[in-house]
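Scroll down for the structure; my scribbles are underneath it.
Numbering (this note's numbering), first residue to last: 99 to 905.
Structural data, given as structure tokens:
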């Protein structure tokens, strides 16, 4: 049967045009749907031999060309691609995700460039193992890496970024269950973004409690939406705004049978009006085309591996139900997740989900909860140093402290005039405190400033001896109980001002042995030292601390010294002393004798303090020399180490005070570095007065210790107020609450308590004025020079020279 026979119409006029379309337009009442169907079949049958091969060839060529183009672009993007791992700050900004994706929307390329090389995408990834959660951002090689890192650090202040090479998301050979989330309704309908709590909570909970052989991941591919996607979305919005559009098949049937089109409904529905407003809000800002993939894997060894993997994947997919609103996410199974997941290849989906910045930020952001399970955190936030903080360069007169841990990683230093206001360093063992002190000492040595180091542990001096320049041997004085050479001698009774020497000596003993040192003991010690010093002035004979027990315990020695005294007060003391019985005298001098004997019975202490006249001059050390005092408590005992270190501090202070006779411009800068400073600041002077005067003598003090509980109240207040340059390594929560007053508002107590290894918070002076607090990382020490310590020890021992034997 032909087409014209089926149409019940008058015979065609030979002079008129004919055809199926003409007959349909002239006589629509006689049209039959079967006529159209048979006419279409006839046309396809006649054109099939030519049309079918053309369609097959064109489709195959287009598919191959498109696949090759996508492969070429992916190779371009994968070359040089890096992973930016995001370490969350202690406190996560709730709107940080919106800030990040709003900034990165500027990655959209112009249309002509997209035609040539395409639009690269980013991959925001959550990956879980038994060790915890890692949040990373895959950045193609064609996208500036620093741009992404700065955007992350700007979105979440205090966050750290760590750049690594891309690695597979899922281990090979595991049982894998994966899926993809897509929007169930038109893209213009929004997801839920106004969550009262962190929407990642269900997702994080779904991936907790993982075994060693389990992994899970959620990967969000995102690229800025192009103009074509935006125009499509606007058409959808107009259609939905006009009302519920009829389906295509009912509309076509109505057209063929000349029926009225189905009417639209819902224009006056309040729900429809609310949906229109939400669509307008969604389309107001930047848009992203996104594809969401999730996967879970497990080692195939356990028998229950398939069920375990499917359950984990189902939990991950169910966590996205929290975003349901006008639109929602539904899952589709992904049978072959590899290699697309690990290669970060953008999936070839027909139409990626179109999401606004708030929607994407709700899906891809850092967990806000402070107790987010397994999240890797950055600890203290990093703060740039103020521009006024100088950078240490050779010959610039700036002491090196380290480098900034954010931004351009520039060097950070402390100028020599500002260092005269003293430096307070606090940090636990292993935090980087000794490295900082060693770098400062090496810089002073290279610039021929005076250096005195008191090290009660021993490692600091050992590291310095391995790294000091070889031209400093003629300036070095080394006090070390483990040195086989004869130690240098520092006679604590040397000094021009007798009263100052006696005050320092008795004050040191009184503060170190405060629990066992009373007024009578102090009187006995003071009288004995004054008597010996008066005898030295008269006879020009050397007296040492070892003569004090002889004076108190040997009558024959007293008969040689006391009768020649002319001071009536001292003669009165010795008259009283001689009038006592032997038991009473032993009770009076017992506290002094047992302290001195415990100290002098140690051979090294006796040789270093009481072997005769001093073999080096602390005044010369301050004028460009080097004194390294290694006083390990394990080798000397705690009290002996404290006494030796305190004697060195007292001698340094006397030598610094003697600079008053030298013009200020002629005084060479010197530094007294004291580790475990609370053990050696035992002089009878208030610390604040001592620090203030030392600045005028151009003696800067570096006071280091571990925690605030080690400092008595007077030392703690004196250091806090007068050591104006402060560097704090990781502190305890108790100490950080007390120290934050020096670092606010840039660094709070939480930051001070979460500083990383070799990271420190600094509050320094710049040009005499206080600068805002910032963070830095210390520089590692230069490599040790083999044999340097041995040569320096021998050279230092040769400079001390022979001395009279110890009495």
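Ideal Cβ placement from N, Cα and C applies to all residues, glycine included.
Taking all protein chains shown into account, residue 635 has fewer than 16 neighbouring C-beta atoms within 10 Å of its C-beta and is therefore exposed. For residue 500, the enclosing beta strand (DSSP E) covers residues 496-502. Residue 337 sits in a helix when the DSSP states are folded into three classes. Boundaries of the beta strand (DSSP E) around residue 771: 768-773. Residue 843 has its alpha-carbon roughly 12 Å from the corresponding atom of residue 837. By the Cβ test, the stretch 602-613 is not in contact with the stretch 657-668, since fewer than three Cβ pairs between them sit closer than 8 Å.
The C-beta distance from residue 865 to residue 486 rounds to 7 Å, short enough to meet the 8 Å contact threshold. It is roughly 8 Å from the alpha-carbon of residue 577 to the alpha-carbon of residue 706. A straight line joining the alpha-carbon of residue 816 with that of residue 788 spans about 10 Å. It is roughly 14 Å from the alpha-carbon of residue 215 to the alpha-carbon of residue 321. Of the candidates 504, 333 and 605, 504 places its Cα closest to the Cα of residue 252. Secondary structure of residue 180 (DSSP, three-state): strand.
Pairwise C-beta distances place the stretch 423-432 out of contact with the stretch 243-262, as fewer than three of them are shorter than 8 Å.
In this structure, residue 229 keeps its C-beta atom at 8 Å or more from the C-beta atom of residue 313. Within a 10 Å sphere around the beta-carbon of residue 638 sit fewer than 16 other beta-carbons, which makes this residue exposed. At the C-beta level, residue 289 and residue 457 come within 8 Å of one another.
Under the DSSP assignment, residue 570 falls outside any beta strand (DSSP E); it carries neither an H nor an E label. One Cα belongs to residue 350, the other to residue 471, and the distance between them is close to 55 Å. With a threshold of 16 other beta carbon atoms within 10 Å, residue 170 falls short and is exposed. The criterion of a C-beta distance shorter than 8 Å is satisfied by residue 601 and residue 782.
Counting only runs of 4+ residues, the alpha helix (DSSP H) found wholly inside the stretch 788-869 occupies 811-820, 831-841 and 847-850, in chain order. Checking the DSSP bridge columns, you'll see residue 430 partnered with 278. Counting the other Cβ atoms within 10 Å of the Cβ of residue 751 gives 16 or more, which makes it buried.
Of all alpha-carbon atoms in 680, 828, 394 and 551, the one lying nearest the alpha-carbon of residue 730 is that of 551.
Residue 222 is bridged by DSSP to 235 and 318. Under the DSSP assignment, residue 654 falls in the alpha helix (DSSP H) whose first and last residues are 653-659. Under a 10 Å Cβ-count criterion, residue 833 is classified as buried, with 16 or more other Cβ atoms of the shown protein chains found around its own Cβ. Put simply, the stretch 567-584 does not touch the stretch 618-633. Fewer than three CB pairs are less than 8 Å apart. Contact annotation, residue 188 with residue 475: C-beta distance approximately 6 Å; criterion of less than 8 Å satisfied. Closest by C-alpha distance to residue 323, out of 205, 539, 416 and 821, is 205. Look at residue 290 here: in three-state DSSP terms it is coil, with no helix or strand label. If you draw a 10 Å sphere on the C-beta of residue 434, you find fewer than 16 other C-beta atoms in it, and that means exposed.
Note: residue 553 is bridge-paired with 728 in the DSSP secondary-structure output. For the pair of segments examined, the stretch 232-252 was found not to touch the stretch 272-290: the number of CB pairs separated by less than 8 Å stays below three. With a contact defined as Cβ atoms closer than 8 Å, residue 861 and residue 846 miss out at about 13 Å. The continuous stretches of alpha helix (DSSP H) do not include residue 454, which lies in the beta strand (DSSP E) extending over residues 451-454.
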